[in-house]
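Per the UniProt record's numbering, residue 1 is the first one in the first sequence, and the count goes up by one each step.
Idealized CB from N, CA, C, for every residue including glycine.
Heads up, the thing below is written out as structure tokens.
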Amino acid sequence: MPELPDLSAFSHNLQKKLKGKTIRNIEIHSAKKLNATHADFEKALKHQTFKKIVRDGKELYFTTKDGTVVALHLMLRGQLFVDDKEHKSAVVTITFDDDTKFTMADYQGLANIRLNPEEPDAPDALATSVTLSYFRDQLASTKATIKNFLLDQHNLRGIGNAYADEILWDARISPFSICSKIPEEQVEELYHSIRKVLEHAEKQILKSNPDIISGEVRDFMVIHNASKTESPDGAKIHQKVAGGRKTYYTDEQELFK
DNA sequence: TGGCATGTTGGCGA
DNA sequence: CTCGCCAACATGCC
């Protein structure tokens, strides 16, 4: 359930906790779609040292000193732990020379690990390569609704259901607007809202949960929040199920069709 | 108590 | 080819 800002906060804290530690052992307990064998993972990681831990899209990338990359995707229910315990539903456990254990667990079994993942075709939502003109051209060439566009990881990577609603409210654009019909001025609003909402959220999360490496923080959300009935400006929040997930929006958001 | 929440994949129909 | 929608995955939470 963690989304982009949560994952950014996790990477920040994992970097503090795990950077410089040397891997004694890696155990993969269960993983449905491994892109390498257990032996490959062991060979690539044993005795290696983590140098850098970053978020990329909805994944966490752990890079070792020799350039090996381990990618973790938490999917819906993945949880991370840094401690000395065994965890139920562990997908992978990495043990370091100082006996610290890093575990990714998921009772649903969907969280996954990949070794040296291929470079994705779509840019991260916050990448500097996503310029206003790039974004404008992308929107101009699609007839999908803007919410579906933001959620589709083949366009921009990292935005999930809850933040898509927050971003669209911030830009005052209806989630059901057709991408190619959104006027220039609102496209620019949206472009800035993506950065503003996601960066603000990460700051909020780190402020209230400075050591967070798992779970999610949602209490500051103004629209995608089941405990709220009105937007900050007093408009009634509507709910509609689209594509199997709930969309929260208000009449303050203009519909372009 | 029992829906609801979440992301991704693959398949179907318009 | 493009787009929307659905099921499946499994369980903690209110």
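Going by DSSP, HIS73 is part of the beta strand (DSSP E) stretching over 69–73. Listed as beta-bridge partners of HIS238 by DSSP are TYR249. With 16 or more neighbouring CB atoms inside 10 Å of its own CB, LYS147 falls in the buried class. With a contact defined as Cβ atoms closer than 8 Å, ILE28 and HIS38 qualify at about 6 Å. By the Cβ-count criterion, GLY158 is buried, with 16 or more other Cβ atoms from all chains shown falling within 10 Å of its own Cβ. Of the other Cβ atoms in all chains shown, fewer than 16 fall within 10 Å of the Cβ of ASN116; this residue is therefore exposed. Positions of the alpha helix (DSSP H) runs, each at least 4 residues long and wholly inside the region 158–219, are given as 161–170 and 184–208 in order along the chain. By the Cβ neighbour-count rule, GLU202 is buried, with 16 or more other Cβ atoms within 10 Å of its own.
Taking C-beta atoms as the reference points, PHE50 and PHE62 count as a pair closer than 8 Å. For ARG24, the enclosing beta strand (DSSP E) starts and ends at 23–28.
Across the set GLN204, SER177 and SER231, the C-alpha of GLN204 shows the shortest separation from the C-alpha of ARG218.
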